[in-house]
Amino acid sequence: MDETTPRALVAYESLFGSTRQVAEVIAAGMSQSVPTDCRDVRRLSPYELRGFSLLVIGAPTHARSLPTPASRAEGAKWLENRMYGRTLEGRALTPGMREWLGATALTGLRLTTFTTRTDLPRLLSGSALPAMARLARRAGAWVDGRGFEAVVDEKGQLVAGELDRAREWGLLLGRSLRRPVRA
Ligand SMILES: Cc1cc2nc3c(=O)[nH]c(=O)nc-3n(C[C@H](O)[C@H](O)[C@H](O)COP(=O)(O)O)c2cc1C
1 MDETTPRALV AYESLFGSTR QVAEVIAAGM SQSVPTDCRD VRRLSPYELR GFSLLVIGAP
61 THARSLPTPA SRAEGAKWLE NRMYGRTLEG RALTPGMREW LGATALTGLR LTTFTTRTDL
121 PRLLSGSALP AMARLARRAG AWVDGRGFEA VVDEKGQLVA GELDRAREWG LLLGRSLRRP
181 VRA
């Protein structure tokens with residue numbers, strides 16, 4: 001791989017694992033065309049961002065926006081009752097995407113977004129996409145496209161077919177990064 005080969009990075013926050021699963025299949029789809037890493041945003045330091053042609057960031061929708069310390073703590077409480085059978089992701093209660101975007105310079109980086117949200121009309125569910133795009137622009141990124149949303153049921157499990165849709169979205173994103181073939 002030479003220095004001009006496009007590379008992509010998928011970075012995510014996830015409380016119960018669904019957003020991580022979506023991130024992993026988006027990265028798998030993109031990898032068909034370009035080398036793509038997939039990382040928990042909490043394990044990503046700013047110097048590692050150099051050299052990526054596209055950054056894809058994702059987080060769950062909480063209270064119609066990005067998770068906050070209070071919403072993460074609230075989510076942990078849900079595990080005790082209606083989300084039985086689920087477990088918390090490692091580091092789930094530590095600062096995540098919102099805080100990372102507020103503290104990281106993304107100057108000139110091309111970026112796109114994804115979220116997971118409840119399977120309700122968007123007017124009711126809200127979405128973390130606008131907040132993510134706004135914070136990314138404030139950090140200097142060039143935000144591309146409208147982003148991708150996958151939906152979960154009332155226990156936070158991905159609805160059937162959502163991982164396939166996410167992989168397809170990743171495939172198309174990856175293709176958009178491939179250099180045109182010279183005649
Ligand atoms: C505290 C809290 C608030 C939530 N608020 C919303 C919401 O406003 N709209 C929505 O569609 N889903 C909401 N959800 C559902 C989450 O979007 C869902 O749990 C998430 O997509 C699962 O992703 P994860 O497994 O990566 O954490 C909320 C979940 C929690 C824990």
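Position one of the sequence shown corresponds to residue 1 (the working numbering), numbered consecutively onward.
The C-beta atom is built at its ideal place from N, Cα and C for all residues, glycine as well.
Please read these numbers as outputs of a predicted model, since none were measured by experiment.
Annotation: valine 41 is outside any beta strand (DSSP E) and is labelled neither H nor E by DSSP.
The three-state secondary structure of serine 125, taken from DSSP, is helix. In this structure, the straight-line span from the alpha carbon of alanine 23 to that of leucine 54 is close to 14 Å.
Taking C-beta atoms as the reference points, tryptophan 142 and isoleucine 26 fail to come closer than 8 Å.
Ser14 is the residue among Ser14, Leu9, Pro6 and Ala59 whose C-alpha sits nearest the C-alpha of arginine 91. Contact check between the stretch 65-76 and the stretch 35-43: fewer than three CB pairs, one atom from each, fall below 8 Å, which does not count as touching. With respect to arginine 134, threonine 61 sits apart: the two C-beta atoms are not nearer than 8 Å.
Taking the C-beta atoms as reference points, leucine 66 is found no nearer than 8 Å to threonine 112.
Contact annotation: phenylalanine 16 and arginine 86 have beta-carbon atoms nearer than 8 Å.
For leucine 44, the CB stays at least 7 Å from every heavy atom of ligand 1. Around the beta carbon of glycine 156, 16 or more other beta carbons lie within 10 angstroms, which makes this residue buried.
For leucine 44, the CB contacts under 6 Å within the same chain, skipping 5 residues up- and downstream, are Ala11 in chain order.
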